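A.B. asks: Numbering (this note's numbering), first residue to last: 5 to 311. Sending over a structure as structure tokens; questions will come in a sec.
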Amino acid sequence: MFANNQIFGAPLAGITDKPFRRIVRMFAPGVPLYTEMISCHSLVGGHKNCLRNFDRYDDEGNIGAQIFGARPDLMADAAKILQDSGATWIDINMGCPVPKVATRSGAGANLMRDHKLAERIMRAVVQSVQIPVSIKTRLGWDDAHRDWADLIQIAADCGVRFAALHGRTRAQLYSGQSVLPKLENTPIPIIGNGDIKDSTDVARVREIGYSGAMIGRAMLGRPWILGQLSGVYDVPKNIGLVVLRHLEYMREYYGDRAAVPMFRKHVAWYSAGQPNSSEFRIRVNSITDVNELVSEICKFWGCEVDV
């Protein structure tokens with residue numbers, strides 16, 4: 005599931021759900037994609053209010069299911085569930101900086117400052133499944149603790165197959181510029197992540213020793229970008245039809261009542277930078293009826309479809 009110079013689609017909370025991944029697959033059938041991060045507590049507990057707990061991945065191609073948590077036993081159980089659900093590989097989140105995850109839950113980026121716990125989690129997950137395991141992490145907790153190399157060495161010792169490295173510390177959150185360190189003689193392949201948005205960025209990441217590039221926020225409103233960067237697709241001629249297909253997948257997955265308000269952010273990203281997009285977004289943000297939303301999308305992009 006991993007090869008050098010590969011393009012990856014990053015895990016983005018609230019974005020890379022099953023409908024979004026289906027849209028990306030239209031343009032990049034073979035690109036490795038991540039799920040949104042999945043709570044081991046929620047997954048193992050079978051919490052019914054979280055749809056992703058019940059996703060199947062058999063028809064999704066090369067898909068990595070990302071889990072987060074601070075209990076090795078629950079992380080191992082979650083990994084087994086996701087393996088049985090058809091995931092290609094398991095990814096352990098060791099970089100999420102938000103307080104809900106990194107401080108109050110002791111998971112995500114907190115594992116960058118508790119390497120003993122991180123090691124127990126990695127060993128438990130690797131031993132629980134037969135599919136590959138990866139980690140996604142950051143440079144460190146803050147500027148005084150940029151110890152990503154130590155964590156990746158521990159990961160390699162635990163049997164983790166590869167890592168993704170985001171070029172910011174936890175203290176930076178998502179502000180400032182992402183700066184990836186130059187790599188030499190790493191024990192496992194490392195994928196570069198952070199502010200990578202075009203082919204120039206991808207080339208730069210490869211030049212400094214990374215085995216691949218991970219695209220995150222550049223996918224917003226441009227689900228075809230992974231296909232572009234992989235050389236298998238270009239920008240679609242009618243973006244409106246892509247938007248409508250995405251909305252259709254959202255409706256199938258969430259139902260109309262939930263899908264319409266959830267889809268507004270996607271409409272904003274798809275329309276960004278286009279003429280009259282501000283007025284269009286203002287109209288869309290007041291819509292609650294799916295037929296009205298479809299009508300506005302068709303008028304803005306000049307497409308026709310039967311609702």
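Heads up, the beta-carbon is just placed ideally off N, CA and C, and yes, glycines get one too. In this text, all values refer to a predicted model and were calculated from it rather than measured experimentally.
Secondary structure at S182, three-state DSSP: helix, strand or coil?
C.D. replies: Coil at S182, not helix or strand.
A.B. asks: Any C-beta of chain C sitting closer than 7 Å to the C-beta of I212?
C.D. replies: Absent from the structure is chain C; it holds one protein chain and no more.
A.B. asks: For G198 versus G171, is the C-beta distance shorter than 7 Å?
C.D. replies: It is a contact, given that the beta carbons lie within the stated cut-off.
A.B. asks: So, at 7 Å on beta carbons, what are the nonlocal neighbours of V311 in its own chain, with the 5 sequence-adjacent residues on each side left out?
C.D. replies: With a pLDDT of 45 at V311, under the threshold of 50, the modelled position of that residue is not reliable, and no figure is offered here.
A.B. asks: Tell me where the alpha helix (DSSP H) around D81 begins and ends.
C.D. replies: That run of the alpha helix (DSSP H) goes P76 to D88.
A.B. asks: Are the beta-carbon atoms of M254 and P23 separated by less than 7 Å?
C.D. replies: Closer than 7 Å, so yes.
A.B. asks: Among R60, C100, Y257 and N66, whose alpha-carbon lies nearest the alpha-carbon of Q176?
C.D. replies: Q176 has its Cα closest to that of C100, out of R60, C100, Y257 and N66.
A.B. asks: Just reading off the beta strand (DSSP E) that R1 is part of, what are its end residues?
C.D. replies: It is not possible to answer for residue 1, since the shown part of the chain is limited to 5 through 311.
A.B. asks: Start and end of the alpha helix (DSSP H) containing I27?
C.D. replies: It spans K22 to F31 - the alpha helix (DSSP H) in which I27 sits, taken as one unbroken run.
A.B. asks: Based on Cα-Cα distance, which residue from G235, G225 and N189 lies nearest to V246?
C.D. replies: Here the closest residue by C-alpha is G225.
A.B. asks: Taking Cβ to Cβ, would you say L143 is nearer than 7 Å to T107?
C.D. replies: No.
A.B. asks: Quick check on F58: buried or exposed, where buried means 16 or more other Cβ atoms within 10 Å of its Cβ?
C.D. replies: Per the 10 Å Cβ criterion, exposed.
A.B. asks: Answer yes or no: do V4 and I94 have a C-beta to C-beta separation smaller than 7 Å?
C.D. replies: Residue numbering for the chain in the displayed model covers 5 to 311; residue 4 lies beyond these limits and cannot be assessed.
A.B. asks: Check V311 in the structure and name its three-state DSSP category.
C.D. replies: Because the pLDDT of V311 is 45, which lies under 50, any placement of that residue in the model is unreliable, and the question is left without a value.
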